[in-house]
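To convert a position in the sequence shown, counted from 1, into the numbering used here, add 1. Heads up, the beta-carbon is just placed ideally off N, CA and C, and yes, glycines get one too. Here is the structure we will look at.
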Amino acid sequence: MFSGQFSAKTDAKGRVFLPSVLRKQLGEVVESLVLRRDVHQPCLVLFPWQAWEQEVALLRTRLNRWDERDAMVFRCYVGESEQISLDTAGRLLLSKHWLQVAEISKEVVFIGNDDRIEIWASEKAKFFDDRNYSKQVQEILGNQ
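Set out below in structure tokens:
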């Protein structure tokens, strides 16, 4: 499980150091990662290979690939992903395509989010303000 928020900067080539805390949480799987755009927000999502396989398996069970819409959803979800790895220094390369998708210019925020890591342009990272966050948690969990 990934958790925490960490700031970093991209270099001129689009490389960024994955924070050491997240590298430790990744453990041995740093060579097999999958990067894709988020479905809802302008950020990138980094999956360890095992979490990616589970994600795709879940999608596969919920979609009928003989249905035109379902086939397109599956194609977009899986097709808009890229297998990547960290270099020996612990950096990942964000291509120009990924930088544009997430509107990243220089500074990024890594957010550990359970089985995945989100990568946001620092000025785009979305959170509830304290009051709204409290209200949302209460609405979701308070009535159980």
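Would L34 pass as a contact of L23 if the rule is Cβ separation under 7 Å? no
Where in the region 97-143 do unbroken runs of the alpha helix (DSSP H), each at least 4 residues long, occur, reported from the N-terminal end onward? 97-102 and 131-142
Distance between beta carbons of I105 and L93, contact taken as under 8 Å: Going by Cβ atoms, the distance from L93 to I105 rounds to 12 Å, so no, they are not a contact pair.
Under the three-state reduction of DSSP, which class applies to R24: helix, strand or coil? helix
Measure the CB-CB distance between I85 and L27 and report whether it falls below 7 Å. Not closer than 7 Å, so no.
Do the CB positions of Q6 and V109 come within less than 7 Å of each other? no
Would you mind giving the Cβ-Cβ distance between A126 and A103, rounded to the nearest angstrom? I have them listed as a contact below 8 Å. Not a contact, Cβ separation roughly 10 Å.
Which two residues bound the contiguous alpha helix (DSSP H) that contains R51? This sequence places Gln at residue 51; Arg is not what is there. Element bounds for Q51: W50 to R63.
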